[in-house]
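Note that our numbering has the sequence shown beginning at 26, numbered continuously upward. Heads up, the beta-carbon is just placed ideally off N, CA and C, and yes, glycines get one too. On a predicted model such as this, the values are computed, not experimentally measured, just so you know.
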Amino acid sequence: MKDALDARHRGGSVGVPWSGFDLINAFNSWKVSAQAGRRFVVDSAGSAEIVATGLSWRAQVCQQVCEEAAVDLGRALTAWADSRSGKRPGRRVGFPAFKRKSRTQPSFRIRCKTKAGRASIRVGDPMAGPRSICLPRIGVLRVREDTRRLRRMIRMGRAHIRYATVSCRAGRWTVTVTVEAADLHPARQHPPRPDADGSGWVGIDRGLTALVVAADTTGRQRLRVTDPPRPLRAALPRLRRLSRQVTRKQRGSRNRAEAVTRLARAHHRVAHVRRHFLHKVANQLVKTHDRLALEDLYTAGLLRNRRLAAAISDAGWAELARIIGYKQRWRGGQVTRAPRWYPSTRMCSACRIIGPALPLSVRVFRCDECGHTADRDVNAAVNLAVWAEQHHAQTRDPEARGPVTNASRGTGSDQRPSAGATSPDDGGTPPPRTPVTAGTPEKGGVS
Numbered sequence: 026m027k028d029a030l031d032a033r034h035r036g037g038s039v040g041v042p043w044s045g046f047d048l049i050n051a052f053n054s055w056k057v058s059a060q061a062g063r064r065f066v067v068d069s070a071g072s073a074e075i076v077a078t079g080l081s082w083r084a085q086v087c088q089q090v091c092e093e094a095a096v097d098l099g100r101a102l103t104a105w106a107d108s109r110s111g112k113r114p115g116r117r118v119g120f121p122a123f124k125r126k127s128r129t130q131p132s133f134r135i136r137c138k139t140k141a142g143r144a145s146i147r148v149g150d151p152m153a154g155p156r157s158i159c160l161p162r163i164g165v166l167r168v169r170e171d172t173r174r175l176r177r178m179i180r181m182g183r184a185h186i187r188y189a190t191v192s193c194r195a196g197r198w199t200v201t202v203t204v205e206a207a208d209l210h211p212a213r214q215h216p217p218r219p220d221a222d223g224s225g226w227v228g229i230d231r232g233l234t235a236l237v238v239a240a241d242t243t244g245r246q247r248l249r250v251t252d253p254p255r256p257l258r259a260a261l262p263r264l265r266r267l268s269r270q271v272t273r274k275q276r277g278s279r280n281r282a283e284a285v286t287r288l289a290r291a292h293h294r295v296a297h298v299r300r301h302f303l304h305k306v307a308n309q310l311v312k313t314h315d316r317l318a319l320e321d322l323y324t325a326g327l328l329r330n331r332r333l334a335a336a337i338s339d340a341g342w343a344e345l346a347r348i349i350g351y352k353q354r355w356r357g358g359q360v361t362r363a364p365r366w367y368p369s370t371r372m373c374s375a376c377r378i379i380g381p382a383l384p385l386s387v388r389v390f391r392c393d394e395c396g397h398t399a400d401r402d403v404n405a406a407v408n409l410a411v412w413a414e415q416h417h418a419q420t421r422d423p424e425a426r427g428p429v430t431n432a433s434r435g436t437g438s439d440q441r442p443s444a445g446a447t448s449p450d451d452g453g454t455p456p457p458r459t460p461v462t463a464g465t466p467e468k469g470g471v472s
């Protein structure tokens, strides 16, 4: 593709492969050419014999690895072209850049093909045991997580494996299986509500002291999550020590590579602890409330405050909103977002009068007009719920776009049919019996 672009810039009329299909065909034509290392020898009789096939490593790599890479390149080229022409909204997308192997995360994707009723990607093969996955050309791999639920859904026709992505992060290899699963059982979904019904909204205020405070329009507090784990703050001493070890090692040495891996694993654990806690909070919210109202926080702008940047990053506000959005769509619920400049903190939830800005040290809201007094976070959550009750029909969640596979009432594009019926047992984990509290993530938890 790059050679064709260079030839066109030099003034030639050369076709440039742009889609994934064209890129795959171009690669198939190139790998049998002399540029790929293929050599022929012609004897005296005029017959040609191949003495070098070129790309000798291709026999050790699954064919789909190169094909899926070409598909990704085609998508990147389309995104760049659409962004350049103005068809793609949002931040401008640059031209795909060559990624050096030593500076990128090793990753590849394989499609699941079925031949003679046997899938190429199998989970829990009887010959290998329940904690295993079989990949084409690689063979059987042992995995740490239990695959019982996935095996049961595949066996009963309620799920189908589409892709398997193998990646290495912080020195640990991970296999991510993309599954097309059936919709959640109706018993696990929220009952549908008409747009004319404006009741049932619960506002969610995100903060630092209390990560989440949820309240309804009546002022009743539904959930308060205090003392989040703050994994970055807890791991800072270790991260600083590991960072010093990296800087003291010689560049390019094996000791430096090992020190970099130890530092990456520490950062990886911080992210996992935070994400696990956010999944627990999101699960408790979406399982108990079918209508949630969030605030469209400008997290990038808030991070410019050097005094609060570390705490805001450690809280994971944007990730929590993203998780709540797709989990609520799975259950047929609704999520709406108030405008970025909506004064939820300064507005009185009783008389709706907007007061002056409150410093972070003030935790109690007092209205100068009506004398209403309430917790600062509860007052903001009530205002968000009231706003959603009044404007929910005119707004939508900005994250609710793109493919929606497992949402029976979703409105996203490229919606696929269900893979089969489900039972309530396969609909998800039951609601937690105890309130969410901070702590070390449980081993083997399902999110």
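Asked                                                                                                                                                                    : Found
Residues bridged to residue 205 by DSSP?                                                                                                                                 : 185
I need the straight-line Cα distance from residue 181 to residue 301, nearest angstrom please.                                                                           : 29 angstroms
Using the beta-carbon count (16 or more within 10 Å), is residue 437 buried or exposed?                                                                                  : Here residue 437 scores only 37 on pLDDT, less than 50, and its place in the model should not be relied on; the value that follows carries that caveat. Per the 10 Å Cβ criterion, exposed.
Over the uninterrupted alpha helix (DSSP H) stretch that includes residue 298, give me the two end residues.                                                             : 279–313
Does the structure place the region 389–409 close enough to the region 219–234 that three or more beta carbon pairs sit under 8 angstroms?                               : yes
Rank 380, 194, 274, 188 by C-alpha distance to the C-alpha of residue 205 and give the top, closest one.                                                                 : 188
From the DSSP output, in three-state form, read off residue 144 for me.                                                                                                  : strand
Determine contact between the region 191–209 and the region 160–176, defined as no fewer than three beta-carbon pairs at a distance below 8 angstroms.                   : yes
Are residue 308 and residue 274 closer than 9 angstroms when you measure CB to CB?                                                                                       : no
Taking just the CA atoms, how far does residue 154 sit from residue 142?                                                                                                 : 20 angstroms
Would you report the Cα separation of residue 404 and residue 272, rounded to the nearest angstrom?                                                                      : 48 angstroms
What's the gap between the Cα of residue 208 and the Cα of residue 79?                                                                                                   : 47 angstroms
What residue range does the alpha helix (DSSP H) around residue 159 cover?                                                                                               : Per DSSP, residue 159 belongs to no alpha helix (DSSP H); it is in the beta strand (DSSP E), 157–160.
Applying the 10 Å Cβ sphere with the 16-neighbour rule, what's the burial state of residue 122?                                                                          : exposed
Rounded to whole angstroms, how far is the Cβ of residue 254 from the Cβ of residue 306, which I believe are closer than 8 angstroms?                                    : The Cβ separation is near 11 angstroms, so there is no contact.
Check the DSSP bridge columns for residue 505 and list the partner residues they point to.                                                                               : As displayed, the chain neither begins before 26 nor continues past 472, which places residue 505 out of reach and without an answer.
Whole angstroms is fine: what's the gap from residue 51's alpha carbon to residue 82's?                                                                                  : 19 angstroms
Are residue 303 and residue 348 touching if we call contact CB-CB under 9 angstroms?                                                                                     : yes
Could you tell me the alpha carbon to alpha carbon distance between residue 356 and residue 156, rounded to whole angstroms?                                             : 29 angstroms
Go ahead and label residue 34 buried or exposed: buried means 16 or more other beta carbons lie within 10 angstroms of its beta carbon, across all protein chains shown. : exposed
In three-state DSSP terms, what is residue 400?                                                                                                                          : strand
Among 290, 233, 397, which has the Cα closest to the Cα of residue 260?                                                                                                  : 290
Using a Cβ-Cβ cutoff of less than 6 angstroms, which residues in the same chain neighbour residue 96 once the five nearest sequence positions on both sides are dropped? : 45
From the DSSP output, in three-state form, read off residue 405 for me.                                                                                                  : helix
What residues in its chain sit with their C-beta under 7 angstroms from that of residue 30, if we drop five residues either side in the sequence?                        : 41
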